[in-house]
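Visitor: Taking the UniProt record's numbering, the leading residue of the sequence shown gets 30, the next gets one more, and so forth.
C-beta atoms are modelled at their ideal positions from N, C-alpha and C, and glycine is treated no differently.
Below is a structure I'd like to ask you about.
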Amino acid sequence: GGEPVTVIGLGLMGRALATAFLEAGHPTTVWNRTPGKADALVSQGAVLAPSAAAALQASSLVVVCLSDTAAVRDALGPHRAELAGRTLVNLTSGTSDEAREMAAWTGDYLDGAIMAIPDVIGRPEAFLLFSGSPEAFEKHSHSLDRLGNATFFGADPGLASLYDVALLGVMWGTLNAFLHGAALLGTAKVDATAFAPFANQWVASVTGFISAYAGQIDRGSYEAEDATLETHLATMKYLVRESAAAGVDTDWPARIQTLTERAIDAGHDGTSYASMIEVFRGQA
Ligand code: NDP
């Protein structure tokens, strides 16, 4: 069992959220602009509210997951009176400023970011990030844990969104590097499927570099215990050269090379890769 919950927005993600609440035994009320998307949920036991206002009135915990912040304002803007006294958990992606504006706009507000695809919602590998009202998180964390592992970052409502984009950057950086490598090996008739296990094993090693460099970044000292920036730069040039020779796009490796050259030009020669933080901070 569990407390009653309302889910507003039944797109790919909203339907997965509502399903997880239903499976955990929460009385679940749903609403979507296009009501037909509720059909499967209703057959699983969800209650389809006749209006957004009725959906808000049904539960003191309201989870909203729409395309973007403008859609949330469209859908909930006319119903601020019904929101009073309820906790609004906004799992819609947006910027940290949008999260802070939403918090100022409603009373008891939690902003959240979903680090999972719909299929994984409710499973142990799903994790969700929250920030905003500490009272709201304390009161509802048990319910929110039904969706995946919930972490709370404190009272600044913008922090979950900031973590979200930073983590998506890690995803795109890693995926782009994999795709570039797969294109490069593809020119030698190596399948992406053959490359993938090596890429994954190497990513696991890279997680160790991340942990070590995090300490250096926080201390502000970048001892080259493993390799200097010049060693990195020399091998980066092979990646650029191999790409050009193979007719593979050179934009990605050339950009990495440019960033590394800027760090060296700014005087970080002889230091570890962690000194690149100065480039990303806009200081080199
Ligand atoms: P979908 O495109 O599948 O669903 C969008 C939802 O927003 C629909 O319910 C749609 O209603 C609703 N909507 C859009 N505009 C309005 C409006 N003006 N008024 C009322 N309702 C509106 O997207 P997802 O479910 O995939 O994504 C939802 C959010 O979750 C996004 O912010 C996304 O970034 C985030 N997210 C998604 C992940 C994913 O893997 N899918 C992963 C992590 C986060 P209607 O059905 O009527 O069109």
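Quickly, what does DSSP pair Val76 with across the bridge? List them, please.
Guide: The sequence position of residue 76 within the sequence shown is 47, counting from 1. Looking at the DSSP assignment, Val76 forms a beta bridge with Thr58.
Visitor: Identify, in the order they occur along the chain, each residue of the same chain with its Cβ nearer than 7 Å to the Cβ of Ala49, setting aside the five sequence neighbours on each side.
Guide: In the sequence shown, residue 49 corresponds to position 20, counting from 1. These residues qualify, in order along the chain: Ile150, Gly151, Arg175, Leu176.
Visitor: On the three-state DSSP scale, how would you describe Thr289?
Guide: Here residue 289 is taken as the residue at index 260 of the sequence shown, counted from 1. Looking at Thr289 - three-state DSSP - the assignment turns out to be helix.
Visitor: Determine the extent of the alpha helix (DSSP H) in which Tyr242 is found, giving its start and end residues.
Guide: Translated into the one-based positions of the sequence shown, residue 242 becomes position 213. Note, Tyr242: alpha helix (DSSP H), 221-248.
Visitor: Quick check on Asn119: buried or exposed, where buried means 16 or more other Cβ atoms within 10 Å of its Cβ?
Guide: Position 90 of the sequence shown, counted from the start, is the residue given in the question as residue 119. Label assigned to Asn119: buried.
Visitor: With Gly101 and Leu46 assumed to form a contact (beta carbons below 8 Å), what rounded beta-carbon distance in angstroms separates them?
Guide: As a working mapping, residue 101 is identified with position 72 in the sequence shown. As a working mapping, residue 46 is identified with position 17 in the sequence shown. In the sequence as presented, Gly is not what sits at residue 101; that position holds Val. The Cβ separation is near 14 Å, so there is no contact.
Visitor: Could you tell me the distance, in whole angstroms, from the CA atom of Thr57 to the CA atom of Ala87?
Guide: To locate residue 57, count along the sequence shown from 1; it is residue 28. To locate residue 87, count along the sequence shown from 1; it is residue 58. Computed Cα separation, rounded: 9 Å.
Visitor: Quick one: what does DSSP say Ser96 is sitting in, helix, strand or coil?
Guide: Here residue 96 corresponds to residue number 67 of the sequence shown, with the count starting at 1. If DSSP states are grouped into helix, strand and coil, Ser96 belongs with coil.
Visitor: Do Gly38 and Asn61 have their C-beta atoms within less than 8 Å of each other?
Guide: Your numbering for residue 38 matches position 9 in the sequence shown. Your numbering for residue 61 matches position 32 in the sequence shown. Cβ distance < 8 Å, so Gly38 and Asn61 count as in contact.
Visitor: Would you say Thr124 and Ala165 are within 8 Å of each other, going by their C-beta atoms?
Guide: Translated into the one-based positions of the sequence shown, residue 124 becomes position 95. Translated into the one-based positions of the sequence shown, residue 165 becomes position 136. No.
Visitor: Are Ala104 and Ala142 close, meaning C-beta to C-beta below 8 Å?
Guide: Working through the sequence shown from its first residue, we reach residue 104 at position 75. Working through the sequence shown from its first residue, we reach residue 142 at position 113. For Ala104 and Ala142, no; Cβs fall outside 8 Å.
Visitor: So, helix, strand or coil for Ile37, using DSSP?
Guide: Here residue 37 refers to the residue found at position 8 when the sequence shown is read from its first residue. Residue state, collapsed to three classes: strand.
Visitor: Take the Cβ of Thr252 as the centre, count every other Cβ of all protein chains shown within 10 Å, and call the residue buried at 16 or more, exposed below.
Guide: Taking the first residue of the sequence shown as 1, we reach residue 252 at position 223. It should be noted that the sequence gives Glu, not Thr, for residue 252. Classification for Glu252: exposed.
Visitor: Secondary structure at Ala179, three-state DSSP: helix, strand or coil?
Guide: In the sequence shown, counting from the first residue as 1, residue 179 sits at position 150. Ala179: strand per DSSP, three-state reduction.
Visitor: Which residues bound the beta strand (DSSP E) around Tyr138?
Guide: Stepping through the sequence shown from its first residue, residue 138 is reached at position 109. Where Tyr138 is concerned, the enclosing beta strand (DSSP E) stretches over 137-144.
Visitor: Would DSSP call Leu188 helix, strand or coil?
Guide: Taking the sequence shown and counting its residues from 1, the one referred to as residue 188 is at position 159. If DSSP states are grouped into helix, strand and coil, Leu188 belongs with the helices.
Visitor: Got a sec, what are the start and stop residues for the alpha helix (DSSP H) Ser125 sits in?
Guide: In the sequence shown, counting from the first residue as 1, residue 125 sits at position 96. Per DSSP, Ser125 belongs to the alpha helix (DSSP H) from 125-134.
Visitor: Would you please state the rounded distance, in angstroms, between the beta carbons of Ala292 and Ser304? I believe it to be under 8 Å.
Guide: Position 263 of the sequence shown holds residue 292. Position 275 of the sequence shown holds residue 304. Contact holds; Cβ gap of about 6 Å.
Visitor: For Gly244, collect the residues of the same chain with a Cβ closer than 7 Å to its Cβ; drop the 5 residues on either side in sequence, then sort them by chain order.
Guide: Here residue 244 refers to the residue found at position 215 of the sequence shown. None.
Visitor: Does the beta-carbon of Ala145 have 16 or more other beta-carbons within 10 angstroms, so that it is buried, or is it exposed?
Guide: Here residue 145 refers to the residue found at position 116 of the sequence shown. The residue is buried, with at least 16 neighbouring Cβ atoms inside 10 Å.
Visitor: Using DSSP with H/G/I as helix, E/B as strand and the rest coil, what is Ser304?
Guide: Locating residue 304 in the sequence shown gives position 275, where the first residue counts as 1. If DSSP states are grouped into helix, strand and coil, Ser304 belongs with the helices.
Visitor: Helix, strand or coil, according to DSSP, for Val149 in the structure here?
Guide: Position 120 of the sequence shown holds residue 149. In this structure, Val149 counts as helix in the three-state DSSP scheme.
Visitor: Compute the minimum distance between the beta carbon of Asp97 and the heavy atoms of the ligand NDP, and state whether it is under 7 Å.
Guide: In the sequence shown, the residue the question calls residue 97 occupies position 68. Checking every heavy atom of the ligand NDP against the Cβ of Asp97, one is found closer than 7 Å.
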